[in-house]
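Novice: Every position in the sequence shown, counted from 1, becomes a number in my numbering once 107 is added. We put the CB at the ideal spot given by N, CA and C, even for glycine. For clarity, every value in this text was computed on a predicted model and none was experimentally measured.
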Amino acid sequence: MLQKRIKHEYLYLPVGIFAVAIWWLIYRQLLPAASWLTYNLFGIQQGSHFGASVEFFLYDTPKVMMLLFIVVFGVGIIRSFFTPEKTRAFLSGKSEFAGNIMAAMLGIVTPFCSCSAVPLFIGFVTTGVPLGVTFSFLISAPMVNEIALGLLYGLLGWKVAAIYLGTGLTIAIVAGWVIGRLHLENHIEDWVTAIKASDLNIPEEKLSWHDRIIYGWEAVKEIVGKVWIYVIIGIGVGAGIHGFVPEEFMASIMGKDSWWSVPLAVIIGIPMYSNAAGIIPVVEALLGKGAALGTVLAFMMAVIALSLPEMVILRKVLKPRLIAVFIGVVGCGILFVGYLFNMLI
108 MLQKRIKHEY
118 LYLPVGIFAV
128 AIWWLIYRQL
138 LPAASWLTYN
148 LFGIQQGSHF
158 GASVEFFLYD
168 TPKVMMLLFI
178 VVFGVGIIRS
188 FFTPEKTRAF
198 LSGKSEFAGN
208 IMAAMLGIVT
218 PFCSCSAVPL
228 FIGFVTTGVP
238 LGVTFSFLIS
248 APMVNEIALG
258 LLYGLLGWKV
268 AAIYLGTGLT
278 IAIVAGWVIG
288 RLHLENHIED
298 WVTAIKASDL
308 NIPEEKLSWH
318 DRIIYGWEAV
328 KEIVGKVWIY
338 VIIGIGVGAG
348 IHGFVPEEFM
358 ASIMGKDSWW
368 SVPLAVIIGI
378 PMYSNAAGII
388 PVVEALLGKG
398 AALGTVLAFM
408 MAVIALSLPE
418 MVILRKVLKP
428 RLIAVFIGVV
438 GCGILFVGYL
448 FNMLI
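(1) If you reduce the DSSP assignment to three classes, tell me which class Ile387 lands in.
(2) Measuring only the C-alpha atoms, how far is Phe228 from Met212?
(3) Is the region 268 to 283 close to the region 318 to 333, with three or more CB pairs under 8 Å?
(4) Please go through the same chain and pick out, in chain order, the residues whose beta-carbon is closer than 7 Å to the beta-carbon of Asp306, but skip the five residues on each side of it.
(5) Would you kindly work out how many angstroms separate the C-alpha atoms of Val281 and Leu245, rounded to a whole number?
(6) Hey, could you find the ends of the alpha helix (DSSP H) Tyr146 is sitting in?
(7) Can you list, in chain order, the residues of its chain with a C-beta nearer than 8 Å to that of Leu289? Leave out the 5 residues immediately preceding and following it.
(8) Just list the residues that DSSP pairs Ile208 with in beta bridges.
(9) Could you give the C-beta distance for Ala326 and Val179, rounded to a whole number, given that I count them as a contact under 8 Å?
(10) According to DSSP, what are the bridge partners of Leu425?
(11) Sorted by chain position, which residues of the same chain lie with C-beta nearer than 6 Å to Ser247's C-beta, five sequence neighbours on each side aside?
(12) Enumerated in chain order, which unbroken segments of the alpha helix (DSSP H) with a length of 4 residues or greater are wholly contained in the region 221 to 263?
(13) On the CB-based measure, 16 or more other CB atoms within 10 Å of its CB, does Gly123 come out buried or exposed?
(14) Around the Cβ of Trp298, are there at least 16 other Cβ atoms within 10 angstroms (buried) or fewer (exposed)?
(15) Following the continuous alpha helix (DSSP H) through Leu400, name the residue where it begins and the one where it ends.
(16) Does Leu120 come out as helix, strand or coil in the three-state DSSP assignment?
(17) Taking its Cβ as the centre, do 16 or more other Cβ atoms sit within 10 Å of Met450, making it buried, or is it exposed?
(18) If you follow the alpha helix (DSSP H) that Gly341 is in, where does it begin and where does it stop?
(19) Which same chain residues, not among the five before or five after Ser368, have their C-beta less than 6 Å away from its C-beta?
(20) Measuring from the CB of Phe163, is there a heavy atom of the ligand MG at a distance below 7 Å?
(21) Label Gly435 either buried or exposed according to how many other C-beta atoms from any shown protein chain fall within 10 Å of its C-beta, with 16 as the threshold for buried.
(22) From this set, Leu393, Leu144, Leu371 and Thr300, which residue's C-alpha is nearest Gly235's C-alpha?
(23) Using beta-carbon positions only, say whether Gln136 and Tyr146 come within less than 8 Å of one another.
(24) Alpha carbons only, please: which of Ala405, Glu417, Gly347 and Val410 is nearest the one belonging to Leu447?
(25) In chain order, what residues of the same chain lie with their CB nearer than 7 Å to the CB of Leu262, ignoring the 5 residues before and after it?
(26) Mind checking which residues open and close the alpha helix (DSSP H) that includes Gly376?
(27) DSSP three-state call for Ala141: helix, strand or coil?
(28) Can the beta-carbon of Leu272 be found less than 8 Å from the beta-carbon of Leu238?
(29) Distance, Cα to Cα, Gly341 vs Val171?
(30) Measuring alpha carbon to alpha carbon, tell me which of Ala384, Ile377 and Phe176 ends up nearest Val334.
(31) On the three-state DSSP scale, how would you describe Ser155?
(32) What's the C-alpha gap between Ala398 and His317?
(33) Check this for me: beta carbons of Leu415 and Pro378, under 8 Å apart or not?
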C-alpha cells in the first residue's frame, strides 16, 4: 500500500503542470467571454452603465474564484508545514522586536481566521510568547494573509501587492512592539493566564505529499466554502461602483486632496464584516474610479484587521482597556499608511 502511494506521488508533478496549464487557458478567456455574454447573448447596449456593471460582474466572479481556488490550494500545501503548534513553539521565548518581526512574517502563512483568534491567543500566551509578539502575529495573520496578497497580485499587479505586504507587515511589527512596551499583561482575562501550557500540547503528525495535497484540497473546501458568499457580495458592490458611480464623485470623497478621506474610510471599514476575498473586488472598483491608493488601502486594512466581530471574539480573552489600546495603535498605523501613500503616489 505504501509503495503504491509513493508510486502515485510521482504523478503529482506532471498532473499539476497540466492542471495549471488548463487553468491558465481558461483564465485568459474570461474577459472576451464576459463581453460576449453581456453584449451579444444578453443584448445589453455597449457603453451603458448597466452593461459596464454586468460585464464587470461576469468577468470578476469567475476570475476571483479561480484565483482564490489556486491561491488557497497552493498555500494550503505550504500551510501543512506551518501548523499552529510549530508556530507557537518557534515563537516561544523569542526576544521582543526580533520576535515581532518573525511573528509578523509567520502570520502570512499560518492558518488563521477570526474564529481561531481565541485558541491561538491562549496557546501563545500560555507557552511564554510575549504579549507584543502575540499581537504582531494576530495583526499580520488576518491582514497580510496569502489570500489578500494572491488576489491583489492577480487583480491589481505586483506593485500594489508589494505595497500592501510592506505596509501591513510594518503595522503588525510596530503595533506589536508598542503594545509589548506598554506592559499590559494584567489586562488579559484571568482565566487565560490560569491555563497551563501542558494542557495545550497537541501531538505532531508526519505528513506525506499525498497528505499535503489532501490538506490543500481540504483548505479549498473549507475557506472557499466560507467566503464565496462574501466574494459574490463584494463583486456585486464593485460592479455597482464600476458601472454607476462617476469618477468625479469617487475622487471627491476618496481622493488624495480630501484630508478627511482616510479617517472616514477607516471609520466606515471598522463595523463592516468581510475578509480579503470579499473586500478586494470592491478595492479594485474603487481604484478604477479614481479613489486614492492610500485611502483605499486604509479602508481595506480597517475592514480586515479592525472588524467589529473580531473585537467581540477577542473580548473573551482581553479586557476592554487592552482592546482599546489594540484598536488605537493599529488604527494609528493604518491612518499613517493612508496619508503616506496619498502624499507619495
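Specialist: In short, the structure shows the following:
(1) helix
(2) 17 Å
(3) no
(4) With a pLDDT of 49 at Asp306, under the threshold of 50, the modelled position of that residue is not reliable, and no figure is offered here.
(5) 13 Å
(6) Careful: Tyr146 lies outside any alpha helix (DSSP H) and carries neither H nor E.
(7) Val432
(8) Ile208 pairs with nothing; no bridge assigned.
(9) 5 Å
(10) Ile295
(11) Ala211, Gly214 and Ala279
(12) 224 to 233, 238 to 250 and 253 to 263
(13) exposed
(14) exposed
(15) Leu400 to Ala412
(16) helix
(17) exposed
(18) Trp316 to Phe351
(19) Met361 and Thr402
(20) This structure lacks the ligand MG; in fact it carries no ligand of any kind.
(21) exposed
(22) Thr300
(23) no
(24) Ala405
(25) Ile387 and Glu391
(26) Ser368 to Gly376
(27) helix
(28) no
(29) 10 Å
(30) Ala384
(31) coil
(32) 45 Å
(33) yes
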